[in-house]
Amino acid sequence: MNQVEKIDNFEVVTLKNDICQIKIVPELGMKIISLKNEKSSREWMWSAKNPNQIFENDPLDPFELSPLIGADECLPTIDPCEINGVEMGDHGLVWSKKCDYSLNEKEIICTADLEQIKMKFKRTISLSGPAIQFKYELQNMSSNKQPYIWAFHPLFNIQEHDHWSYDGVWGSFLCTSSKNIQGVSRGSNIRVNDLKGFLKMNIRNGEKDNYFIKGFFTNDSQTMIEIKNKDTNDSLIFDYKNIPFTGIWLTRGGWNNYHHIVIEPSNACYESLSEVSVDSEETSTLQPHETREWEFSIKLSN
Numbered sequence: 000m001n002q003v004e005k006i007d008n009f010e011v012v013t014l015k016n017d018i019c020q021i022k023i024v025p026e027l028g029m030k031i032i033s034l035k036n037e038k039s040s041r042e043w044m045w046s047a048k049n050p051n052q053i054f055e056n057d058p059l060d061p062f063e064l065s066p067l068i069g070a071d072e073c074l075p076t077i078d079p080c081e082i083n084g085v086e087m088g089d090h091g092l093v094w095s096k097k098c099d100y101s102l103n104e105k106e107i108i109c110t111a112d113l114e115q116i117k118m119k120f121k122r123t124i125s126l127s128g129p130a131i132q133f134k135y136e137l138q139n140m141s142s143n144k145q146p147y148i149w150a151f152h153p154l155f156n157i158q159e160h161d162h163w164s165y166d167g168v169w170g171s172f173l174c175t176s177s178k179n180i181q182g183v184s185r186g187s188n189i190r191v192n193d194l195k196g197f198l199k200m201n202i203r204n205g206e207k208d209n210y211f212i213k214g215f216f217t218n219d220s221q222t223m224i225e226i227k228n229k230d231t232n233d234s235l236i237f238d239y240k241n242i243p244f245t246g247i248w249l250t251r252g253g254w255n256n257y258h259h260i261v262i263e264p265s266n267a268c269y270e271s272l273s274e275v276s277v278d279s280e281e282t283s284t285l286q287p288h289e290t291r292e293w294e295f296s297i298k299l300s301n
């Protein structure tokens, strides 16, 4: 079942079946403001505000001044930077942009024309039982090579008894930022087997912890990541096996006293487009007039 409603004067599109519900705001950069398990009623999307509020931002606003709710698309950068005279805001050009959309019985298709960088971005979301399918298309409309960083940036709630696990073989985790974690700083390479010690999800909100960590690992042999609550059996299963990199961000009070986790598929292990050149690896550069497609899924279980 699909429906369109108005929330805070913005059109909000809901896709829903017997297992999952997802709410999307095309006018706010395709933002996802709700991902809910219909069987258990668990809301997976995190919000800084109670009650939740959504509003429009200027393109160069710091991301922390955004509604801070749910999931955003970061493109073509995560950190602010200036490339070829084009000023890129925090978390890129898409999240603050009004996007077009079309809706049918099976899916919602959102599109964004990024005139500043001569790219077109399209995302299609559909439901298949317990799985949310994400399909993407990025077009380079120019006659030049175009480097880019894309990341899906979902802020997930953390509840007591939540734990994370992974299925597959990974190498190391490259830390890009951290706070109050002994022996870990920007540039640190952490063995994946040691990573669980830093991603302590099973801490009650309000306990005396004050740290965060962000970084990337490659998905060469990885199959899935899962967040599961050992008390309720609610879980999210991330199938990112076709995505080159996965970023992890966890704050346990270390950033603005917030508690949430981001499990972020990305085409690159960089934060700023200024770190990517046209001669960078294939995953982060589009050839002239190239169209690139990719996809992933998130499965809800209970």
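Letter by letter, the sequence shown follows residues 0 to 301 in numbering that gives the first Met the number 0.
From the three backbone atoms N, C-alpha and C, an ideal C-beta is built for every residue, glycine too.
>> Comparing C-alpha positions only, which one of 153, 223, 299, 244 sits nearest to residue 231?
In response: In the sequence shown, counting from the first residue as 1, residue 231 sits at position 232. Looking at 153, 223, 299, 244, the one whose alpha-carbon comes closest to that of residue 231 is 299.
>> Does residue 304 come out as helix, strand or coil in the three-state DSSP assignment?
In response: Residue 304 cannot be examined here, being either before or after the span of the chain that is shown, 0 to 301.
> Would you call the region 139-151 and the region 171-179 in contact, with 3 or more CB pairs under 8 Å?
Replying inline: When C-beta atoms of the region 139-151 are compared with those of the region 171-179, fewer than three pairs fall below 8 Å, so the two segments do not count as touching.
> How about residue 96 and residue 111: are their beta carbons less than 9 Å apart?
Replying inline: To locate residue 96, count along the sequence shown from 1; it is residue 97. To locate residue 111, count along the sequence shown from 1; it is residue 112. The Cβ-Cβ distance between residue 96 and residue 111 falls below 9 Å.
>> For a test of the three-state rule: what should DSSP assign to residue 18, helix, strand or coil?
In response: Numbered from 1 along the sequence shown, position 19 holds the residue referred to as residue 18. Of the three classes helix, strand and coil, the one that applies to residue 18 here is coil, per DSSP.
>> Taking 8 Å as the cut-off, does the region 123-139 touch the region 153-168 (at least 3 CB pairs, one atom from each stretch)?
In response: Contact fails between the region 153-168 and the region 123-139, because fewer than three Cβ pairs, one in each stretch, are under 8 Å apart.
> Among the residues of its own chain, which have a CB less than 6 Å from the CB of residue 267, if the five just before and after it don't count?
Replying inline: In the sequence shown, residue 267 corresponds to position 268, counting from 1. In chain order, 148, 283 place their CB closer than 6 Å to the CB of residue 267, counting only its own chain and leaving out the 5 sequence neighbours on each side.
> Taking just the CA atoms, how far does residue 17 sit from residue 37?
Replying inline: One-based indexing of the sequence shown puts residue 37 at position 38. One-based indexing of the sequence shown puts residue 17 at position 18. Residue 37 and residue 17 have their C-alpha atoms spaced approximately 6 Å apart.
>> Among the candidates 245, 241, 51, 227, whose CA atom is the shortest distance from the CA of residue 213?
In response: To locate residue 213, count along the sequence shown from 1; it is residue 214. If we check each option's Cα against that of residue 213, 245 comes out closest.
> DSSP three-state call for residue 116: helix, strand or coil?
Replying inline: As a first step, residue 116 is located in the sequence shown; it is residue number 117 there, counting from the start. In the structure shown, residue 116 sits in a helix (DSSP, three-state: H, G or I).
>> Check this for me: beta carbons of residue 250 and residue 211, under 9 Å apart or not?
In response: As a position in the sequence shown, residue 250 is number 251, starting the count at 1. As a position in the sequence shown, residue 211 is number 212, starting the count at 1. Cβ distance < 9 Å, so residue 250 and residue 211 count as in contact.
> Based on Cα-Cα distance, which residue from 72, 0, 60 lies nearest to residue 32?
Replying inline: The residue labelled residue 32 in the question sits at position 33 within the sequence shown. Answer by Cα proximity: 72.
>> To the nearest angstrom, how far is the alpha carbon of residue 254 from that of residue 263?
In response: Along the sequence shown, read from residue 1 onward, the residue named residue 254 stands at position 255. Along the sequence shown, read from residue 1 onward, the residue named residue 263 stands at position 264. Taking the straight line from one Cα to the other gives about 18 Å.
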